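Novice:
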Amino acid sequence: MPELPEVETVRMGLLPAMEGRRIEKAAVNRPDLRWPFPPRMAERLTGAQVLGLRRRSKYILADLSTGETLLIHLGMSGRMLVSGVQAGQFHHDHPAPAKHDHVVLDMEGGARVTFNDARRFGAMDLMATAACDAHPLLAALGPEPLGNDFHETHLAARLKGRATPIKSALLDQHNIAGLGNIYVCEVLFRAQISPLRLARDVTSAEVVRLVPIIREVLTEAIAAGGSSLKDYRQADGELGYFQHTFRVYDREDSPCPTPGCSGTIARTVQSGRSSFYCPACQR
DNA sequence: GGGATAACCTGATAGC
DNA sequence: TGCTATCAGGTTATCC
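For the first sequence, full-length UniProt numbering assigns the number 1 to the initial residue and increments by one for each residue that follows.
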């Protein structure tokens with residue numbers, strides 16, 4: 001899926017079309033994505049004003065004037081596409097409906113926001129804004145890696161005694177929220193830690209190294225507009241370009257980019273996911 | 001309880 | 001051209 005930087009990029013792209021604006025019409029074209037949509041979702045959205053757009057982990061949260069919050073998750077292939085806004089000017093020129101356009105929001109002002117998701121691993125739900133933190137998908141999430149609650153003490157405590165590989169531990173959203181397969185690979189490379197190492201064997205010096213690297217990789221990726229592989233687009237349909245900065249992800253058999261290292265990037269599978277790393281300089 | 005695996009679903013790509 | 005196998009940015013349910 002879009003990981004944290006992609007979701008943040010999408011959120012920012014949605015702001016001009018949605019923030020402060022009323023949803024004039026909501027069309028829901030199927031009963032479910034990963035889970036059934038909440039009852040009467042179209043009716044509950046229609047007429048609501050979007051007070052603000054927040055992000056928690058890989059979720060976008062739209063706070064509505066009705067006292068409810070719309071939760072949006074893009075899954076692996078979800079896209080939020082905006083049409084009808086160009087350079088701050090609104091128009092009513094929208095592309096023809098496409099396959100897998102599941103939810104369409106026609107916004108006050110003329111913009112249209114379309115949720116398109118081929119694989120349907122995405123989700124949408126409505127909840128009382130006051131009870132957001134208790135939502136089953138949000139309640140158990142770890143801290144935001146770019147927030148104040150994520151620090152060495154927290155990470156060290158989450159890794160301590162764990163017999164799972166560090167790769168899996170960083171992917172576990174209970175430990176830290178928002179990292180996905182790409183950015184964990186990139187983080188471990190920059191930290192020169194092998195993805196195969198057990199979490200409990202990562203030293204405190206390495207934890208100290210990991211925290212700022214996690215922040216750095218995510219911040220750089222957000223600045224680049226995220227990474228575009230197969231499905232991901234920014235809300236305006238543009239590609240992100242952080243993928244050009246990948247040092248190990250999807251670079252199997254390439255020379256290791258670490259200066260002075262003569263290693264070759266390897267691929268292995270851990271808990272069903274590809275891990276890319278340099279066996280020579282990641283220890 | 002912790003950790004690994006299968007499952008959800010479609011599309012793109014590689015190989016024959 | 002066309003078939004088959006494999007893989008994909010995530011998360012949950014299930015099994016050992």
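Glycine included, C-beta positions come from ideal geometry on N, C-alpha and C. As the structure is a prediction and not an experimental result, all values here were calculated from the model.
Entirely within the region 178-254 and at least 4 residues each: give me those alpha helix (DSSP H) ranges in chain order.
Specialist: With a minimum length of 4 residues, the continuous alpha helix (DSSP H) runs that stay inside the region 178-254 are 181-190 and 204-223.
Novice: When you compare only the Cα positions, how much space is there between residue 71 and residue 261?
Specialist: Going from the Cα of residue 71 to the Cα of residue 261 covers about 45 Å.
Novice: Indicate the three-state DSSP secondary structure (helix, strand or coil) for residue 83 in the structure shown.
Specialist: The answer is strand: DSSP assigns residue 83 an E or B state.
Novice: May I ask you to report which of helix, strand or coil DSSP gives residue 5?
Specialist: Reduced to three states, the DSSP call for residue 5 is helix.
Novice: Check whether the Cβ atoms of residue 55 and residue 120 sit closer than 9 Å, and answer yes or no.
Specialist: No; because the gap between Cβ atoms is not below 9 Å, this pair is not in contact.
Novice: Is it the case that the Cβ atoms of residue 104 and residue 151 are separated by a distance below 9 Å?
Specialist: Against a cut-off of 9 Å, the Cβ pair of residue 151 and residue 104 comes out as no contact.
Novice: Would residue 222 and residue 66 qualify as a contact pair, given that the criterion is a beta-carbon distance under 9 Å?
Specialist: No; because the gap between Cβ atoms is not below 9 Å, this pair is not in contact.
Novice: Closest by CA to residue 102, which one among 241, 196, 47 and 32?
Specialist: If we check each option's Cα against that of residue 102, 32 comes out closest.
Novice: For residue 264 and residue 143, I'd like the C-alpha separation in whole angstroms.
Specialist: Straight-line Cα distance between these residues: approximately 34 Å.
Novice: With 16 other CB atoms within 10 Å as the buried threshold, where does residue 99 fall?
Specialist: Exposed, by the Cβ-count rule.
Novice: Answer yes or no: do residue 26 and residue 41 have a C-beta to C-beta separation smaller than 9 Å?
Specialist: Contact: yes.
Novice: Between the Cα of residue 78 and those of 96, 7 and 89, spot the shortest distance and give me the residue it belongs to.
Specialist: Closest by alpha carbon: 7.
Novice: For residue 76 and residue 91, I'd like the C-alpha separation in whole angstroms.
Specialist: Approximately 30 Å between the Cα atoms of the pair.
Novice: Go ahead and label residue 140 buried or exposed: buried means 16 or more other beta carbons lie within 10 angstroms of its beta carbon, across all protein chains shown.
Specialist: Residue 140 is exposed by the Cβ-count criterion.
Novice: With a Cβ-Cβ cutoff of 9 Å, do residue 176 and residue 190 count as a contact?
Specialist: Against a cut-off of 9 Å, the Cβ pair of residue 190 and residue 176 comes out as no contact.
Novice: Quick check on the burial criterion: 16 or more other C-beta atoms within 10 angstroms. Buried or exposed for residue 195?
Specialist: Buried, by the Cβ-count rule.
Novice: Which partner residues does residue 19 have in the DSSP bridge list?
Specialist: Partner(s): none; residue 19 has no beta bridge.
Novice: Note down the Cα distance separating residue 275 from residue 48, rounded to an integer number of angstroms.
Specialist: Near 43 Å, if we compare the C-alpha coordinates of residue 48 and residue 275.
Novice: Can you tell me which of the three DSSP states residue 153 falls into?
Specialist: It is helical.
Novice: Ignore the nearest five residues each way along the sequence and tell me which others in residue 154's own chain have a CB closer than 7 Å to its CB.
Specialist: So the list reads 143, once near-sequence residues are dropped.
Novice: How far does the alpha helix (DSSP H) with residue 169 in it reach, from first residue to last?
Specialist: Where residue 169 is concerned, the enclosing alpha helix (DSSP H) stretches over 166-171.
Novice: For residue 148, which of 126, 85 and 215 has the nearest alpha-carbon?
Specialist: Nearest C-alpha to residue 148: 215.
Novice: How is the beta strand (DSSP E) around residue 53 delimited, first residue to last?
Specialist: Residue 53 -> beta strand (DSSP E) spans 50-56.
Novice: Buried or exposed: residue 116, going by 16 or more other Cβ atoms within 10 Å of its Cβ?
Specialist: Residue 116 should be labelled buried.
Novice: Cβ-heavy atom distance between residue 272 and the ligand ATP below 8 Å?
Specialist: Looking at this structure, you won't find the ligand ATP or any other ligand, since it has none at all.
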